[in-house]
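> One structure is given below, represented as structure tokens, and several questions about it will come after.
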Amino acid sequence: MQTNFTPAQLADPHVAESEKILRKCVHCGFCTATCPTYVTLGDELDSPRGRIYLIKDMLENGRAADEQVVKHIDRCLSCLACTTTCPSGVDYMHLVDHARAHIEKTYKRPLMNRLTRGVLAMVLPYPGRFRMALQLARLGRPLAPLFDRVTSLKPFAAMLRLAPKSVPPASASAQPAVHAANVAPNLTARGRVAILTGCAQPVLDPGINEATIALLTRLGIEVVVPQGEGCCGSLVHHMGREEQALAAARRNVDVWMREVETGGLDAVIITASGCGTTIKDYGHMLRLDPAYAEKAAQVSALAKDVTEYLATLDLPAHMPKGITVAYHSACSMQHGQKITLAPKQLLKAAGFTVRDPAEGHLCCGSAGTYNIMQPEISAQLKARKVRNIEATKPDIIATGNIGCITQIASGTGIPILHTVELLDWAYGGPRPAQLSAAKWASAGQPLGTPA
Numbered sequence: 001m002q003t004n005f006t007p008a009q010l011a012d013p014h015v016a017e018s019e020k021i022l023r024k025c026v027h028c029g030f031c032t033a034t035c036p037t038y039v040t041l042g043d044e045l046d047s048p049r050g051r052i053y054l055i056k057d058m059l060e061n062g063r064a065a066d067e068q069v070v071k072h073i074d075r076c077l078s079c080l081a082c083t084t085t086c087p088s089g090v091d092y093m094h095l096v097d098h099a100r101a102h103i104e105k106t107y108k109r110p111l112m113n114r115l116t117r118g119v120l121a122m123v124l125p126y127p128g129r130f131r132m133a134l135q136l137a138r139l140g141r142p143l144a145p146l147f148d149r150v151t152s153l154k155p156f157a158a159m160l161r162l163a164p165k166s167v168p169p170a171s172a173s174a175q176p177a178v179h180a181a182n183v184a185p186n187l188t189a190r191g192r193v194a195i196l197t198g199c200a201q202p203v204l205d206p207g208i209n210e211a212t213i214a215l216l217t218r219l220g221i222e223v224v225v226p227q228g229e230g231c232c233g234s235l236v237h238h239m240g241r242e243e244q245a246l247a248a249a250r251r252n253v254d255v256w257m258r259e260v261e262t263g264g265l266d267a268v269i270i271t272a273s274g275c276g277t278t279i280k281d282y283g284h285m286l287r288l289d290p291a292y293a294e295k296a297a298q299v300s301a302l303a304k305d306v307t308e309y310l311a312t313l314d315l316p317a318h319m320p321k322g323i324t325v326a327y328h329s330a331c332s333m334q335h336g337q338k339i340t341l342a343p344k345q346l347l348k349a350a351g352f353t354v355r356d357p358a359e360g361h362l363c364c365g366s367a368g369t370y371n372i373m374q375p376e377i378s379a380q381l382k383a384r385k386v387r388n389i390e391a392t393k394p395d396i397i398a399t400g401n402i403g404c405i406t407q408i409a410s411g412t413g414i415p416i417l418h419t420v421e422l423l424d425w426a427y428g429g430p431r432p433a434q435l436s437a438a439k440w441a442s443a444g445q446p447l448g449t450p451a
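Counting in the UniProt record's numbering, the final residue of the sequence shown is number 451, and the numbers go up one at a time with none missing.
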């Protein structure tokens with residue numbers, strides 16, 4: 001794609017990077033076939049190619065974002081299916097990141113939109129605030145139909161509907177601690193890792209981190225929950241709030257580098273793939289910060305999805321269990337991190353029958369806060385995803401991202417679990433609480449310890 005930036009514009013490193021990305025696009029349109037919003041809406045401006053044209057026009061002309069640009073960029077899920085499809089290697093992720101930051105700096109959103117985004121940014125990254133908000137949402141759920149009648153209040157209706165009927169009690173797994181490896185007294189641990197406990201996940205489903213810690217320590221790995229780690233910054237990053245996102249990244253880099261320098265780390269384990277995509281990008285996000293560039297790159301190199309790390313441990317194979325699992329590959333896993341085989345191979349080796357739903361490349365519509373900010377499009381994508389999953393007739397659904405778990409669970413009665421919860425069960429852990437019904441009693445015996 002031909003570009004027409006001035007030398008003065010290209011002096012800005014963010015513009016210079018975007019210009020290089022734009023020049024790679026050859027207008028082929030392959031991206032439109034796998035873009036969830038284009039497939040759903042059929043509007044060229046809601047395709048990656050259309051958004052690239054809008055971004056190019058906005059940046060080249062050095063003008064503030066307008067309502068049209070904001071509308072179509074906001075509709076982008078940042079699922080990154082386009083980057084998997086693109087034959088030219090267009091780095092759409094960093095281009096749309098730049099566009100979102102430019103929008104945040106130059107466009108004044110309507111009052112209710114600003115308020116909604118502000119509430120999300122102030123609540124979701126903080127587990128204590130998020131837990132309180134969920135408890136209040138349970139009481140406010142009857143108001144959802146009223147909020148639906150006012151366009152600007154629809155995101156609040158979506159929030160109320162997504163809130164779980166009950167909030168799990170706080171888990172000790174989120175507290176700073178060193179979880180010793182389960183090895184004989186005369187042996188040393190096979191490895192030492194830190195785990196990101198996250199912000200939304202320990203509130204919505206603390207069992208995920210509990211299963212991760214239990215499985216890894218049984219496998220001889222020491223697991224550290226460091227003091228001071230927090231939200232990865234993904235939520236505010238996708239809102240274009242770059243300073244907040246970079247502050248979150250710096251805080252976590254400091255925390256994990258402290259562990260590297262004191263006890264050493266083989267990996268930083270991530271159990272929410274959306275967080276993993278962001279943390280693996282810390283090196284890029286902080287590349288212009290001389291105090292953090294090198295450290296951030298080191299942390300990005302250490303970041304591993306839990307299945308990515310488990311695949312290196314050579315786990316033993318188990319006999320078939322007669323349980324069929326539909327594996328939903330989260331966008332941030334398959335497109336953001338390019339992890340496609342490890343989760344399914346681990347499940348198969350553990351004895352599960354694994355099925356791939358049709359249109360596995362398409363987003364479920366969760367996408368961080370997308371199911372709140374764009375509830376209509378999100379609902380269409382969820383319905384499509386659930387139909388495809390249910391068509392495989394699984395006993396259980398597995399995935400690697402808490403957002404997908406929450407989204408899909410709201411559309412089906414089939415139990416949905418994090419992949420690591422099933423693996424923990426298979427390798428000696430307790431049956432997951434979501435499978436406590438009598439029908440799973442016999443299945444639980446060969447997989448793990450008696451319930």
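Where is the CB? At the ideal position from N, CA and C, for every residue including glycine. Fair warning: this is a prediction, and the values are worked out from it, not measured in the lab.
(1) Start and end of the beta strand (DSSP E) containing residue 304?
(2) Touch check for the region 78-93 and the region 118-135: three-plus C-beta pairs under 8 Å?
(3) Note down, in chain order, each residue of its chain lying with its Cβ closer than 7 Å to the Cβ of residue 238, except the 5 sequence neighbours on either side.
(4) DSSP three-state call for residue 268: helix, strand or coil?
(5) Taking the C-alpha atoms as reference points, what is the distance between residue 26 and residue 298?
(6) Which of the three DSSP states is assigned to residue 365 in this structure?
(7) Tell me where the beta strand (DSSP E) around residue 229 begins and ends.
(8) Looking only at its chain, what residues have a beta carbon closer than 8 Å to the beta carbon of residue 190, apart from the 5 residues adjacent to it on each side?
(9) Once DSSP output is grouped into helix, strand and coil, what is the label at residue 39?
(10) Here's the rule: buried if 16 or more other CB atoms are within 10 angstroms of the residue's CB, otherwise exposed. What is residue 382?
(11) What do you get for residue 304, buried or exposed, if any count of 16 or more other CB atoms within 10 angstroms of its CB means buried?
(12) Whose C-beta lies closer than 8 Å to the C-beta of residue 293 among residues of the same chain, with five residues either side of it excluded?
(13) Have a look at the DSSP bridge pairing and note the partners of residue 190.
(14) Please state whether DSSP places residue 55 in a helix, a strand or coil.
(15) With distances taken from CA atoms, which of 377, 352, 379 is nearest residue 423?
(16) Looking at the secondary structure, which residues open and close the alpha helix (DSSP H) in which residue 21 lies?
(17) Confirm, please, whether the CB-CB distance from residue 57 to residue 107 is below 9 Å.
(18) In whole angstroms, what separates the C-alpha of residue 451 from that of residue 321?
In short, the structure shows the following:
(1) Where residue 304 is concerned, the enclosing beta strand (DSSP E) stretches over 303-305.
(2) no
(3) 78, 100, 368
(4) strand
(5) 34 Å
(6) DSSP, reduced to helix, strand and coil, places residue 365 outside both helices and strands of the structure shown, so it counts as coil.
(7) Where residue 229 is concerned, there is no enclosing beta strand (DSSP E), because DSSP gives it neither an H nor an E.
(8) Taken in chain order, the residues that qualify are 181, 183, 219, 220, 221, 313.
(9) helix
(10) Residue 382 is buried by the Cβ-count criterion.
(11) buried
(12) 283, 286, 287
(13) Beta-bridge pairing links residue 190 to no other residue.
(14) helix
(15) 352
(16) 13-24
(17) No; because the gap between Cβ atoms is not below 9 Å, this pair is not in contact.
(18) In this prediction, residue 451 has a pLDDT of 37, which is less than 50 and means its spatial position is unreliable; nothing more can be read from the coordinates.
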